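**Student:** This note's numbering puts the first residue of the sequence shown at 2, with every later residue one more than the last.
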Amino acid sequence: KTSAMSDSKAKPTGKIELKNISKEGYLEKQSRFLKTWRKRWFVLDGYMLYSFKKMRVYENPTEVIDLKVFSSVKSSEDYTNRKNSFDVYSKDMSFSMVAPNSGEKEDWIRNIGRAIITSRNNWQTDYNDKDSDSD
Numbered sequence: 002k003t004s005a006m007s008d009s010k011a012k013p014t015g016k017i018e019l020k021n022i023s024k025e026g027y028l029e030k031q032s033r034f035l036k037t038w039r040k041r042w043f044v045l046d047g048y049m050l051y052s053f054k055k056m057r058v059y060e061n062p063t064e065v066i067d068l069k070v071f072s073s074v075k076s077s078e079d080y081t082n083r084k085n086s087f088d089v090y091s092k093d094m095s096f097s098m099v100a101p102n103s104g105e106k107e108d109w110i111r112n113i114g115r116a117i118i119t120s121r122n123n124w125q126t127d128y129n130d131k132d133s134d135s136d
């Protein structure tokens with residue numbers, strides 16, 4: 002169940018090198034265990050989604066979500082009973098987040114959805130390239 006996200010031992014510490022930021026901003030995220038909501042600075046870099054405690058301080062992430070193993074992102078207001086909420090889903094888990102307004106929510110959904118699709122296409126391309134090398 003933890004393959005999509007680093008557990009505390011494997012989570013990177015120190016400064017994170019971000020190379021392809023497509024979106025960043027504050028979101029509230031529901032904690033997995035206590036189910037409380039915490040405000041975090043989220044950064045979408047390629048197909049990785051990071052959360053940090055402070056704005057634009059890219060070190061010691063509180064969460065690292067590898068979108069390659071997630072299948073969808075969609076509105077979850079009915080489920081969470083929170084306005085502007087959305088979930089990122091895999092077959093084993095989901096993460097609930099709340100954007101500050103509906104425009105930001107839609108932008109996060111669009112960008113995360115694009116990252117999920119792109120990561121799938123890149124994986125298939127990498128796989129096919131490896132396959133064709135054996136000719």
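We treat Cβ as the ideally placed atom computed from N, Cα and C, and that holds for glycine. Computed from a predicted structure; not experimentally measured.
1) Closest by CA to V74, which one among F87, K40 and T81?
2) Determine the DSSP secondary structure at K84, reduced to helix, strand or coil.
3) Cα separation between I113 and G15?
4) Can you tell me whether DSSP reads S103 as helix, strand or coil?
5) Should L68 and A100 be called a contact, given that it needs their Cβ atoms to be closer than 8 angstroms?
**Tutor:** Short version:
1) In the sequence shown, the residue the question calls residue 74 occupies position 73. Nearest to V74 by C-alpha distance, out of F87, K40 and T81, is F87.
2) By 1-based counting over the sequence shown, the position of residue 84 is 83. It is coil, neither helix nor strand.
3) Taking the first residue of the sequence shown as position 1, residue 113 is located at position 112. Taking the first residue of the sequence shown as position 1, residue 15 is located at position 14. About 25 angstroms.
4) Position 102 of the sequence shown, counted from the first residue, corresponds to residue 103. DSSP places S103 within a helical segment (H, G or I) once states are collapsed to three.
5) Indexing the sequence shown from 1 puts residue 68 at position 67. Indexing the sequence shown from 1 puts residue 100 at position 99. No, Cβ-Cβ distance for L68 and A100 is not below 8 angstroms.
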